[in-house]
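Okay, so here's the structure we're looking at.
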Amino acid sequence: MDFSTIRNLVTRCCTGEESWVDSRTVYIGHKEPPPGTEAYIPQRFPDNRIVSSKYTFWNFIPKNLFEQFRRIANFYFLIIFLVQLIIDTPTSPTTSGLPLFFVITVTAIKQGYEDWIRHKADNAINQCPVHVIQHGEVIRKQSQKLRVGDIVQVKEDETFPCDLILLSTCREDGTCFVTTASLDGESSHKTYYAVQDTKAFNTAEEVDTLHAIIECEQPQPDLYKFVGRINIYLDRDEPIARPLGSENLLLRGATLKNTECIYAVAIYTGMETKMALNYQSKSQKRSAVEKSMNAYLIVYLCILISKALINTVLKYAWQADLNRDEPWYNQKTETERQRHVLIRAFTDFLAFMVLFNYIIPVSMYVTVEMQKFLGSYFILWDDDMFDEELGERPLVNTSDLNEELGQVEYVFTDKTGTLTENNMELRECCVDGHVYVPHAICNGQVLPGAAGMDMIDSSPGVDGKEREELFFRALCLCHTVQVKEEETVDGIKKGIHQGKSTSFYISSSPDEVALVEGMKRLGFTYMRLKDSHMEILNREDEMERFELLEVLNFDSVRRRMSVIVRSNTGEYYLFCKGADSSIFPRVVSGKVEQVRARVEHNAVEGLRTLCVAYKKLTHIEYEEVCRLLTSAKLALQERDKKLSEAYDVIEKDFILLGATAVEDRLQDKAADTIESLHKAGIKVWVLTGDKMETAAATCYASKLFHRNTQILELTTKRTEEQNLHDVLFDLSRTVLRQHGNMTRDTFSGLSGDCQDYGLIIDGATLSAVLKPTQEGTSSGGNYKEIFLEICRNCSAVLCCRMAPLQKAQIVKMIKTSKEHPITLAIGDGANDVSMILEAHVGIGIMGKEGRQAARNSDYAITKFKHLKKMLLVHGHYYYIRIAELVQYFFYKNVCFIFPQFLYQFFCGFSQQPLYDTAYLTLYNISFTSLPILLYSLMEQHINMDILKRDPSLYRDIAKNSLLRWPIFVYWTFLGVFDAMVFFFGAFFLFDNTTFTSNGQLMATNTQMMFGNWTFGTLVFTVLVFTVTLKLALDTHYWTWINHFVIWGSLLFYVIFSLLWGGIIWPFLNYQRMYYVFMQMLSSGPAWLSIILLIIVSLLPDVVKKVLCRALWPTTTERIQNADRLYKGHLSEFSPLSSLHAPPARKHDRQGNESLNHAHCRSDSSPSKKLMCTYWGGRPDYCTFNSFPRIGENPRFSGAAYAYSAPGPETSV
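Heads up, the sequence shown is in numbering that gives the first Met the number 0, so the first residue is 0 and it goes up one at a time.
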């Protein structure tokens, strides 16, 4: 037993286990430890059942009702319903109860179905058979019956049933290969290692004889972190302690590959597995539209209370005269007369609240939910967003944020795998200043056409040759690449070429595969790892064997990895590769300046660079290294910290060998997408962990930065030369000098000389900027506000050397700034999850870095280019549709209830309802619900192709422009006006005896024919037709479905009214509506009044729209008019630039006061180009003299810094 084990045992005895409360003890095979060693303390652990469902059969109804009534609107209508049951109200409880019951039932059915699906999935997993070792035999049992401590046998291509510690495998070296695609999406094979002292137990009988105890941490959700140790009892008194880490832990959901079978012990089961702990729900995100809805509801609730209060006061003021106390037919009972006046007033107030409660649209919530749920399928069904290479469609993980896609103001994007393909290829390597290009060399031979380049043969002298080969060996040894000799698919062996077995490389890091494959082209082939020995085939076809002693794994903090190997001659080598910032400070010799110059050159070219260094170790130094690593690995507390300290001691005093440059190509149409986002008024920020030069080159290639962009640097290098305070104020003065106090968001941009700024900041400087200033420092100032002011005036921002947490901090900083802009974060890796969760909308890319980002996102796409259509088309449509839905719902309910309010002035405030109970109940459920639902699903106010080709249309809906208070007030007053037309129009026409008598002049006959319910039915008929036709007038995109639903709804109302009033229904205790509707329609003047009132109601809105379109048209309205002129083929005939509204116009009805910074990106050339609809390139909006526009972007090629002028003039 070594000293560290003794020290740990003593610590445990002395501290009384106090520091071990966060650990658990697992007895392998449920075997007690040998007598006299440790006390056997059995622990209770959960079984292996997975429960992702929310409800059970018994708790579904109470739990679901509780969750639904937590919504304010549902709870409000429940209170109204209970009030109707308790007190004598003018309307039946059915009028509130039935819509509420409908809403609750539909939602419960939807949630119950979703939970039933989850139950089915859980049962399929929990009843899956697994193989367990008991008494030396392999038995089958259901997965849910697995317990902690059971020894499990897993065969190839099977999924691990719980979290397991690997004990042994069928491979001699004790390794197995695993894919974790269901966990993090990485399809690459990862290597896991059996415990060194148990890998010899290769059969069920042998494994069953194992006596061992595992001590490990309690379950926690980090997939990549595990700390534990195993105490193995052999034939000695003291156990052998071995460290356990994430390389020994097989996670539930992962799949065994290329390994016949393994034996492992269960340590975390059921809901304690790491996969289950990652099920935790994300924080609820709310869209700007939902916030507007809630604000409008509060306003309407205030209106409702005001109405009820006014009617209550006026009722008692009117009844103050004894002659008006109560009509003779409604005399109060003695009990009512003796009741206190305040109680009577409160009861009447509640009765009026019930009478007017329909102004709060409860069915709007159900309609909005259905619209979002059904509307999300348009993204799933979009063939343009289908990726044929991956065979994947977009994913919608939540439909609650559909409309938020149309409100994005900031896009925060990762670089690697998001803007780039994450498809790495070694472009060159540099050894002591000599450059080697793998594409010009194959197996050490110079290829034709490669003359004039530094090749292997040009290396100076014998010493240079040795350094060169040492560099190649370092790259062949310092990695975690696996070699796959052959692959069997459907019984056919692949990987065999001309009778010889060929190998291919697999790794969790594409960079490592690129480096090893590059070395293969340069003559050094990594063959395999066998029996802890790495085999290399050198240039002379000689096999070299190096014993792999230690691997110091890569982590994002150190940004490097190392291996310790021993050669055949017994020499110890420590090879290290990593970022230049983490290698150069640890180098003591080598041609640092030459290599540094080449690294900087490659970084400017947009290549990913790594530096390679080494040092030799003596046997004594190696033993000291082993002691440090063993001590750190055996620690259960703060193991990561201790390992980091050990790595810091070990990885120093290097000799620099050289550097590599790997190319990561830009994704298809990434530059076009970014340029379209800029034109749409969206600011794009790139947040990456790469170094500044590499990231900046990618930004130029993707057109985030342009040739005339003035780059502002806020980096560690500059803050070392100048105080951070001074740097910030210098940058602030620079960006504000041209505009004075006007930011770029409010700058009109009419001058083509507007300077375009781009900001670059690194992680270290960002930490200093966000760090709170100390109190009492007068010169400290508020760095965060100054930084935000600089960013607002920059067209693009690049943040490099970012840690994952810093990405989230930046998103949060912008999200919580005083403008409260809508943010979107997009990334493809696990390091992007934090910013994806932080942003208003998170989009994951299903890329090569795994699916963790896609799983934690709100939406997932396969390529960055699909973001363009998702925002500019789907987002635009979603917002337009739901904005109309919300405003229309409030409008039609004002039209519905305000006549009821006016009616109280004519019925002595007696709480007499104007409409029949059936009409009150079905108005929002049946008569007016389907047309607006269909409109909110299918409306296309502008053709889809035009939205894609003219991104600036996105600005017409920016900043929630269609749900601003002026527009809300307009809709409300429009509803009040229409309601007054319905009521007073019917009232004055009704009062005319010549009109109402249907040709008969007798007044008594008039009163008989046209009574109270006839008047209400007349108003309700005009109401239903007006609100439905109002929606028809707002519809731009007509299909047969629209016609069927709109005209069908009106027909349904007529048929229902005929049936409702044409039959004596036996289940009703009243027959007040009998023959009312037929008698009303039998009057010619009634028909005339209905048509006349509908026209008068719709006329003001129609006139207003016609005048605004003629005198002050928005860009959207100009394009709509032109599209009608060309019968839907506008994109084929007309230049869109001529249809844009002049930017100098002050009265923008959409409220867009600002023009985006993208218009300031002008070409320095003074000549103007004429561009008539050329869809192959980008439309130039500054080319028509009759419609002055701001200068457009110059054209750049995909390569960094490459510039090409616009082509020749084009005409149709």
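Every residue gets a Cβ at the ideal spot worked out from N, C-alpha and C, and that includes glycine.
The beta carbon of Asn892 sits closer than 7 Å to the beta carbons of Tyr357, Ile358, Pro360 from its chain, once the five residues preceding and following it are set aside; these are given in chain order.
About 44 Å separates the beta carbons of Val264 and Ile378, which is beyond the 8 Å limit, so they are not a contact pair. Of the candidates Asp1033, Val885, Met845, Glu539, the residue whose Cα lies closest to the Cα of Arg392 is Met845. Per DSSP, reduced to three states, the secondary structure at Gln808 is helical.
At a Cβ-Cβ threshold of 8 Å, Asn396 and Tyr877 do not count as neighbours.
For the pair Ala824 and Ala802, the CB atoms are not nearer than the 8 Å cut-off. C-alpha of Glu818 to C-alpha of Glu289: approximately 18 Å in a straight line. Counting along the chain, no beta strand (DSSP E) covers Asp827, and no H or E run does either. In the DSSP annotation of this structure, Ala679 is not part of any alpha helix (DSSP H), being labelled neither H nor E.
A contact between stretches requires three or more CB pairs, one per stretch, nearer than 8 Å, and the region 227–240 fails this requirement with the region 117–135. Linking Arg343 to Cys906 through their CA atoms gives a straight-line distance of about 19 Å. Only buried fits Arg638, as 16 or more other CB atoms lie within 10 angstroms of its CB. Residues of the same chain with a CB within less than 6 Å of the CB of Thr346, apart from the 5 flanking positions on each side, are Ile86 in chain order.
Residue burial is scored here from C-beta neighbours: Met542 has fewer than 16 other C-beta atoms within 10 angstroms and is therefore classed as exposed.
Listed in chain order, the non-local C-beta contacts of Ile79 below 8 Å within the same chain comprise Ser95, Met352, Val353, Asn356, local neighbours out to five positions each way being set aside. Approximately 7 Å separates the beta-carbon atoms of Leu1057 and Met1077; this is inside 8 Å, confirming the contact. Comparing alpha carbon positions, the residue from Tyr54, Ser566, Val194, Val661 closest to His618 is Ser566. A Cβ-Cβ contact shorter than 8 Å links Ser286 with Glu402. Tyr922 and Phe895 do touch by the CB rule: their CB atoms are close to 6 Å apart, below 8 Å. Partner residues in the beta bridge of Pro128, as assigned by DSSP, are Gln141. For Ser794, the three-state secondary structure derived from DSSP is coil. Residues of the same chain with a CB within less than 7 Å of the CB of Asp386, apart from the 5 flanking positions on each side, are Thr861, Lys862 in chain order.
Taking every protein chain shown into account, the CB of Gly1060 has 16 or more other CB atoms within 10 angstroms, so this residue is buried.
A residue is called buried when at least 16 other Cβ atoms come within 10 angstroms of its Cβ; Tyr572 meets this threshold and is buried. In the same chain as Leu1017, and ignoring 5 residues on each side of it, the C-beta atoms closer than 8 Å to its own belong to Ala985, Phe989, Met1079, Ala1085, Ser1088, Ile1089, in chain order.
The region 913–992 contains, as complete alpha helix (DSSP H) runs of 4+ residues, the segments 916–921, 928–937, 943–948, 964–989 (chain order). Around Leu723, the same chain offers Thr764, Ala767, Val768, Tyr782 as residues with beta carbons nearer than 8 Å, after the five sequence neighbours per side are excluded. Excluding sequence positions up to five before and after Val147, its CB lies within less than 7 Å of the CB of Val25, Phe44, Ala265, Ile266, Thr268, all in the same chain and listed in chain order. Boundaries of the beta strand (DSSP E) harbouring Asn552: 542–554, taken from the DSSP string. C-alpha of Tyr1073 to C-alpha of Tyr918: approximately 14 Å in a straight line. Sorting Ser701, Gly762, Asp725 by C-alpha distance to the C-alpha of Thr714 places Gly762 at the top.
In this structure the region 164–171 does not touch the region 290–310; the number of beta carbon pairs closer than 8 Å is below three. From the listed residues Lys590, Cys610, Leu665, the smallest Cα separation to Lys576 is found for Cys610.
Within the same chain, and ignoring the five residues on either side of Leu99 in sequence, the residues whose Cβ sits closer than 8 Å to its Cβ are Asn73, Phe76, Leu77, Phe80, Val361.
The continuous alpha helix (DSSP H) containing Thr629 extends over residues 618–632. As the crow flies, the alpha-carbon of Ile164 is around 6 Å from that of Leu249.
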